[in-house]
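Participant: Each step along the sequence shown adds one to the number in UniProt numbering, with nothing skipped, and position 35 is 35.
Even for Gly, the Cβ is constructed at its ideal location relative to N, Cα and C.
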Amino acid sequence: MTDETALDRAHAAMMADEESEAARMAFYAALRAAELFVLLEAEPVGDKAELLVMETEDGPVGLAFDTEARMAEFVEAPTPYLGLSGRKLVEMLAGQGVALGVNLGVASSSSLLGADGVDWIAETAPSAPDVVDAVPEEIFRPEVPEVVLRALDAGLARLSGLAGAAWLVGARYAGGQRGVLLAIGGVLDEGQAAVADVVAEALAYSGAEAAALDILFLDGTAMAERLETVGLRFDIPEPELAAPVQRDVNRPPRLI
């Protein structure tokens, strides 16, 4: 039996209160934020991959799982697959008339999202936080809800190999504007969009109203001492040495 995942917990919360719009939105945010494994018809060729689709009475259904173990339990035989974020998957499926089966028959979070639902989830994906270049004149301890801190901690933990560490601070800029700033170090230019997406999903998953912040990608260590003094630090796990090479999350294969 596999361990409970974030998607399992979000699904359980949604089923426990089926009238709660916040619980449904949290489940959809968890789905977009999850790293999913989708079954393919054949091994990818270059930047192209063909999604394995089941034909049912209600139309075509793509299959995705939030762990490799669950995928293996479902197929029971070696099958080509692709790992990518739920956000990228629903964007790729949107408008194609394909439903999405998630963890079908292998987990408590087993769900079947109709094609219209897939389109809706893609259309309502939260916008990424603003990325700022200006260094604040003053930083201080932030005041944010605990639920936002927990969501950020879980989301940032998924950035292994994409970022080094992150600090959450309150910020005051030239002109007197104030806000909440997430400063992230060790992010390459080509990884910044993916990192911003993960932060957006974490904020949406938190369910907190007005959970907004800016992102500053650190260039060097000039601010590190100030951040360590007043900021809330999030340590991002280092990638395992034996981990397989990951595909560019910003350039998913085109579905045929």
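Report, in whole angstroms, the separation of the C-beta atoms of Ile139 and Gly161, which I expect to be a contact under 8 Å.
Facilitator: Your numbering for residue 139 matches position 139 in the sequence shown. Your numbering for residue 161 matches position 161 in the sequence shown. No, Ile139 and Gly161 are not in contact; Cβ-Cβ is about 27 Å, not under 8 Å.
Participant: To the nearest angstrom, how far is the alpha carbon of Glu146 from that of Ile215?
Facilitator: Residue 146 sits at position 146 when you count from the first residue of the sequence shown. Residue 215 sits at position 215 when you count from the first residue of the sequence shown. Cα to Cα, the separation comes out at about 19 Å.
Participant: With C-beta atoms as the reference, is Gly155 less than 9 Å away from Val198?
Facilitator: As a position in the sequence shown, residue 155 is number 155, starting the count at 1. As a position in the sequence shown, residue 198 is number 198, starting the count at 1. Contact: yes.
Participant: From Val148 to Arg226, what distance separates their C-alpha atoms?
Facilitator: Position 148 of the sequence shown, counting from 1, holds the residue named residue 148. Position 226 of the sequence shown, counting from 1, holds the residue named residue 226. About 22 Å.
Participant: Quick one: grab the DSSP three-state call for Thr124.
Facilitator: The sequence position of residue 124 within the sequence shown is 124, counting from 1. Thr124: coil per DSSP, three-state reduction.
Participant: Who are the Cβ neighbours of Leu93 in its own chain at under 6 Å, not counting the five residues just before and after it?
Facilitator: Your numbering for residue 93 matches position 93 in the sequence shown. Same-chain partners within the cutoff: Val118.
Participant: Helix or strand or just coil, what does DSSP make of Leu218?
Facilitator: If you number the sequence shown from 1, residue 218 lands on position 218. Correct three-state label for Leu218: coil.
Participant: If I'm right that Gly83 touches Phe37 with Cβ under 8 Å, what's the distance once you round it to whole angstroms?
Facilitator: Taking the sequence shown and counting its residues from 1, one reaches residue 83 at position 83. Taking the sequence shown and counting its residues from 1, one reaches residue 37 at position 37. With 8 Å as the limit, Gly83 and Phe37 qualify as a contact, their Cβ atoms being about 5 Å apart.
Participant: Tell whether a beta-carbon distance below 9 Å holds between Pro60 and Val98.
Facilitator: Along the sequence shown, read from residue 1 onward, the residue named residue 60 stands at position 60. Along the sequence shown, read from residue 1 onward, the residue named residue 98 stands at position 98. Going by C-beta atoms, Pro60 is nearer than 9 Å to Val98.
Participant: Apart from the five residues just before and just after Gly175, which ones in its own chain have a Cβ nearer than 6 Å to its Cβ?
Facilitator: For this step, residue 175 is matched to residue 175 along the sequence shown. Hits under 6 Å: none found.
Participant: If you reduce the DSSP assignment to three classes, tell me which class residue 284 lands in.
Facilitator: There is simply no residue 284 to check, as the chain begins at 1 and stops at 256 in what is shown.
Participant: By how many angstroms is the C-alpha of Pro80 removed from the C-alpha of Val45?
Facilitator: Within the sequence shown, residue 45 is the residue found at index 45, counting from 1. Within the sequence shown, residue 80 is the residue found at index 80, counting from 1. Distance between the alpha carbons of Val45 and Pro80: 12 Å.
Participant: How many angstroms separate the CA atom of Trp167 from the CA atom of Gly231?
Facilitator: Within the sequence shown, the letter at position 167 stands for residue 167. Within the sequence shown, the letter at position 231 stands for residue 231. The alpha-carbon atoms of Trp167 and Gly231 are separated by roughly 5 Å.
Participant: Three-state secondary structure (DSSP) at Glu238?
Facilitator: As a position in the sequence shown, residue 238 is number 238, starting the count at 1. It is coil, neither helix nor strand.
Participant: Can you tell me whether Arg178 is buried or exposed? The criterion is at least 16 other CB atoms within 10 Å of its CB, across all chains shown.
Facilitator: As a working note, residue 178 is residue 178 in the sequence shown. When all chains shown are included, Arg178 counts as exposed.
Participant: Can you name the start and end residues of the beta strand (DSSP E) that Met54 belongs to?
Facilitator: The sequence position of residue 54 within the sequence shown is 54, counting from 1. Note, Met54: beta strand (DSSP E), 53-56.
Participant: Gln96: which of Gly114, Asp17, Asp47 sits nearest, CA to CA?
Facilitator: Residue mapping note: residue 96 aligns to position 96 of the sequence shown, counting from 1. Minimum Cα distance to Gln96 is reached at Gly114.
Participant: Identify the continuous beta strand (DSSP E) that holds Gly86 and give its terminal residues.
Facilitator: In the sequence shown, residue 86 corresponds to position 86, counting from 1. No beta strand (DSSP E) contains Gly86, which is instead part of the alpha helix (DSSP H) from 86-93.
Participant: Check each candidate in Pro239, Ser110, Asn103, Leu112 and name the one with the smallest Cα separation from Ala157.
Facilitator: Taking the sequence shown and counting its residues from 1, one reaches residue 157 at position 157. If we check each option's Cα against that of Ala157, Pro239 comes out closest.
Participant: Helix, strand or coil: which one does DSSP assign to Arg141?
Facilitator: Counting from one through the sequence shown, the residue named residue 141 turns up at place 141. Note: Arg141 maps to coil in three-state DSSP.
Participant: Can you round the beta-carbon distance between Ile236 and Ala128 to whole angstroms, since I take them to be within the 8 Å contact cut?
Facilitator: For this step, residue 236 is matched to residue 236 along the sequence shown. For this step, residue 128 is matched to residue 128 along the sequence shown. With 8 Å as the limit, Ile236 and Ala128 do not qualify as a contact, their Cβ atoms being about 18 Å apart.
Participant: Compare the beta carbon distance of Glu35 and Asp66 with 9 Å and say whether it is the shorter of the two.
Facilitator: Here residue 35 refers to the residue found at position 35 of the sequence shown. Here residue 66 refers to the residue found at position 66 of the sequence shown. Yes. Within cutoff.
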